[in-house]
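Report on the following structure.
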Amino acid sequence: MSHILLITSSPRGADSLSSRFATEIAEGIKVRSGGTLAVRDLAADPLPHITSAYIHGRITAPDIRTPEQAEAVGIAQELVDELKAADVVVLGSGMINFGPSSQLKAWFDHVTWPAVTFGYGDTGPKGALTGKKVYLVTAAGGVFSEGVWAPFDFHTNYLLHLLGFIGLTDVELVRVEGTVFGPDAAKAAIANAERAVQALLAKVA
């Protein structure tokens, strides 16, 4: 039985394709594995941006943290505990100005925690959150996986880097792209994503 953590982050709400397909994956895995599902909607329930209370609080002994530091570190600890408890992580992210939303960036700022989710060794940084399966759904109006706009993909590649940095390297990627080029293009993009999702779910035991 798997415990699944679904993280959505698009400010588009019900119109979000990244949230739609991420949810479809998470719920499909839950049905197929008989597992449990936890959901964190970063758009509906946004995190605070990190402040000096978090930066200093995470390197301060718990018994001498200020109330503000304790609160800030407590938020990050809750997010890290959610990640640690998950066997499967499903992450949905829509491109905003060539990158992830500020809501998702705030989440990564909290969980990218030295000596907790990553560390440094003789060969460089090493992520601590290993042994988990990740499904990443990214959505963009244009086409960034190839062609002239590929160099401007500061979204998917950035997320893959951040996930890998904290040890989440086993990632299956679903892209929903090219939806702004008219109704036919949008329909084709959604159909392609649907096929990709079904192919992934077919491999779930």
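Numbering (my numbering) for the sequence shown: 2 to 206.
Glycine included, every Cβ here is placed at the ideal spot set by N, Cα and C.
Other residues of its chain near residue i: CB distance less than 7 Å, five sequence neighbours each side excluded
i: A187; result: T180
i: A86; result: H4
i: A151; result: F145
i: T124; result: none
Beta-bridge partners of residue i, as assigned by DSSP
i: G128; result: F119
i: L105; result: Beta-bridge pairing links L105 to no other residue.
i: A141; result: E178
i: G100; result: I97
i: L7; result: V40, V91
i: E173; result: Y136
Anticipated Cβ contact below 8 Å, residue i with residue j, distance rounded
i: D171; j: K134; result: 5 Å
i: V32; j: L7; result: Incorrect: roughly 13 Å between the Cβ atoms, too far for contact.
i: P101; j: L160; result: 6 Å
i: G165; j: G128; result: 7 Å
Simplified DSSP assignment, three categories, for residue i
i: E147; result: coil
i: K134; result: strand
i: L38; result: strand
i: V112; result: helix
i: G168; result: coil
i: H162; result: helix
i: K204; result: coil
i: D185; result: helix
i: F155; result: coil
Neighbourhood of residue i by C-beta, 6 Å cutoff - its chain only, sequence neighbours within 5 removed
i: G93; result: T9, S19, S20, A23, V138
Other residues of its chain near residue i: CB distance less than 8 Å, five sequence neighbours each side excluded
i: E72; result: A54
i: V112; result: A77, L80, V81, L84, T118, I167
i: G36; result: M2, S3, H4, I5, I30, D88, V89
i: G58; result: R66, T67, E69, Q70, A71, A73, V74
Beta strand (DSSP E) runs contained entirely in the region 12-97, provided each spans 3 or more residues: 37-42, 89-95
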